[in-house]
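Working notes, structure below.
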Ligand code: SF4
Ligand code: SF4
């Protein structure tokens, strides 16, 4: 059985709008008018800052780069239960568990890494953690690195961050992985054959 159809009439655009360029220039004129007005009127406070020397405070509750919290003795609160790694939708948490001497706690993370480039900052890891061991309240919101490996943060890096209390502690994080020197081509030994076929 054919379903009933309804025809919808479209409004025809006037020719001057269809030409496009006139509307584009109108938009540019509005932008330019606001720019000139903002620059020339002293009572207008420009919403610009001298980034990166000046940085806006990060709103409370903003999910920044992870940090691992520590016990009073400085050891990680994490008990390597793998809950965060299991719930992580991006599968960017890697944990290796080791045994603690203190048998009442049993385990701790010998290795704990987060690939911050794969992370989608959903916050599941900190919500699921039973020990309040992982948090995203570091206030660090800008990441930079020379390669992907730089932005895989290890346990000590994650434990090096403090909590954010309204004033940016450090809004910029870099990896702690040592930079690898680019491999230099080895000098060919006497008698080696160059790619062209002639002995060097
Ligand atoms: S914030 Fe989400 S994606 Fe990122 S590590 Fe935690 S659970 Fe995984
Ligand atoms: S950070 Fe929390 S959830 Fe993740 S392994 Fe450690 S204790 Fe478990």
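Residue numbers (this note's numbering): 53 to 252. Don't be surprised by glycine CBs; every beta carbon is placed ideally from N, CA and C.
Original post:
Would residue 73 be called buried (16 or more neighbouring beta carbons within 10 Å of its own) or exposed?
Top reply: The sequence position of residue 73 within the chain shown is 21, counting from 1. Exposed.
Original post:
Measuring from the CB of residue 116, is there a heavy atom of ligand 1 at a distance below 6 Å?
Top reply: Here the question's residue 116 lines up with position 64 in the chain shown. Incorrect: residue 116 has no Cβ contact closer than 6 Å to ligand 1.
Original post:
Buried or exposed: which applies to residue 124, given that a residue is buried once 16 or more other Cβ atoms fall within 10 Å of its Cβ?
Top reply: As a first step, residue 124 must be located in the chain shown, where it is residue number 72. Residue 124 should be labelled exposed.
Original post:
Less than 7 Å separating the beta-carbons of residue 110 and residue 193?
Top reply: Against the chain shown, residue 110 aligns to sequence position 58. Against the chain shown, residue 193 aligns to sequence position 141. Their beta carbons are under 7 Å apart, which means residue 110 touches residue 193 by this criterion.
Subject >> Shell residues, 5 Å Cβ cut-off relative to heavy atoms of ligand 2 >> reply: 130, 131, 133, 135, 136, 181, 183, 185 and 186
Subject >> Sub-7 Å separation of residue 147 and residue 161 beta-carbons >> reply: Within the chain shown, residue 147 is the residue found at index 95, counting from 1. Within the chain shown, residue 161 is the residue found at index 109, counting from 1. Yes, the Cβ-Cβ distance between residue 147 and residue 161 is below 7 Å.
Original post:
Taking the beta strand (DSSP E) that residue 163 falls in, what are its first and last residues?
Top reply: Numbered from 1 along the chain shown, position 111 holds the residue referred to as residue 163. It spans 159-167 - the beta strand (DSSP E) in which residue 163 sits, taken as one unbroken run.
Original post:
Secondary structure at residue 59, three-state DSSP: helix, strand or coil?
Top reply: Residue 59 sits at position 7 when you count from the first residue of the chain shown. Three-state result, residue 59: coil.
Original post:
Any idea if residue 168 is buried or exposed, counting beta-carbon neighbours within 10 angstroms, 16 or more meaning buried?
Top reply: On the chain shown, residue 168 is found 116 positions in, with the first residue counted as 1. Per the 10 Å Cβ criterion, buried.
Original post:
Can you tell me whether DSSP reads residue 135 as helix, strand or coil?
Top reply: For the purposes of this step, residue 135 is identified with residue 83 of the chain shown, where counting begins at 1. Note: residue 135 maps to helix in three-state DSSP.
**OP:** Answer yes or no: the CB of residue 145 versus the heavy atoms of ligand 1, is any distance below 6 Å?
**Re:** On the chain shown, position 93 is the one that residue 145 refers to. Result yes, Cβ under 6 Å from ligand 1.
Subject >> Any non-hydrogen atom of ligand 1 within 6 Å of residue 173 CB >> reply: Your numbering for residue 173 matches position 121 in the chain shown. Yes, Cβ of residue 173 sits closer than 6 Å to a heavy atom of ligand 1.
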